[in-house]
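*Asks:* Counting from 1, one number per residue, gives the positions in the sequence shown under UniProt numbering.
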Amino acid sequence: AGRGPRCAGTARSCGTVSGAGGCGAGAGAGADGPCRAGLAELRARREELSGRIQEQEAERSRLQRRIWALTERLAGTSESLARDLAARAELDRTIAETEVAYGQILESSQTLLDTLEEELGNAGKASEQQCTSKEREKQAHEQKRS
Numbered sequence: 001a002g003r004g005p006r007c008a009g010t011a012r013s014c015g016t017v018s019g020a021g022g023c024g025a026g027a028g029a030g031a032d033g034p035c036r037a038g039l040a041e042l043r044a045r046r047e048e049l050s051g052r053i054q055e056q057e058a059e060r061s062r063l064q065r066r067i068w069a070l071t072e073r074l075a076g077t078s079e080s081l082a083r084d085l086a087a088r089a090e091l092d093r094t095i096a097e098t099e100v101a102y103g104q105i106l107e108s109s110q111t112l113l114d115t116l117e118e119e120l121g122n123a124g125k126a127s128e129q130q131c132t133s134k135e136r137e138k139q140a141h142e143q144k145r146s
């Protein structure tokens with residue numbers, strides 16, 4: 001009750017029941033068909049796998065290009081941000097210095113105005129005193145005449 005030749009259909013073993021050296025190697029003409037079918041199936045699976053591998057490699061390549069482009073974009077944005085932050089810090093310093101100087105100018109102006117008002121007040125008093133002195137002299141002189 002012998003079974004006849006068979007092919008295991010795996011990548012590791014394709015032989016006959018009698019172990020006669022592999023598919024078609026002395027196993028007789030009938031053993032060749034199942035072995036070829038098994039090999040064809042393995043080759044088809046290999047082709048399918050190769051197709052998936054190519055798709056994955058292409059996707060990986062696209063992703064790497066995207067990562068590179070985004071990395072370049074990030075570097076450019078980071079440089080621009082650093083320049084803008086430095087410019088803003090410089091403007092902040094300039095604004096602070098200008099505000100201090102403006103405050104000092106206002107303070108000096110107020111001091112100048114206060115001093116000017118005081119001097120004008122003193123000049124007015126001196127002028128009044130001069131006028132009063134002259135009027136007294138004039139009155140005294142007129143009294144002497146009368």
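We put the CB at the ideal spot given by N, CA and C, even for glycine. This structure is a prediction, so every number in the text was calculated from the model and none was measured.
#1: Note down the Cα distance separating Q54 from R46, rounded to an integer number of angstroms.
#2: Quick one: which unbroken alpha helix (DSSP H) runs of 4-plus residues sit fully inside the UniProt region "Disordered" (119-146)? Chain order, please.
#3: By the 10 Å Cβ neighbour count, where 16 or more other Cβ atoms means buried, how is G124 classified, buried or exposed?
#4: Quick one: what's got a C-beta closer than 6 angstroms to L81's C-beta in the same chain, skipping five residues either side?
#5: How big is the Cα-Cα spacing for R65 and T98?
#6: Rounded to whole angstroms, what's the CA-CA distance from A101 to T94? Just pull it up for me.
*Replies:* For this structure:
#1: Sequence index remark: in the sequence shown, residue 54 carries index 54 (1-based). Sequence index remark: in the sequence shown, residue 46 carries index 46 (1-based). If you take the alpha carbons of Q54 and R46, they lie about 12 angstroms apart.
#2: none
#3: As a working mapping, residue 124 is identified with position 124 in the sequence shown. Result: exposed.
#4: Numbered from 1 along the sequence shown, position 81 holds the residue referred to as residue 81. Cβ neighbours of L81 beyond the five flanking positions: none.
#5: Taking the first residue of the sequence shown as position 1, residue 65 is located at position 65. Taking the first residue of the sequence shown as position 1, residue 98 is located at position 98. Looking at the two C-alpha atoms, the distance is approximately 49 angstroms.
#6: Counting from 1 along the sequence shown, the entry for residue 101 is found at position 101. Counting from 1 along the sequence shown, the entry for residue 94 is found at position 94. Roughly 10 angstroms separates the two Cα atoms.
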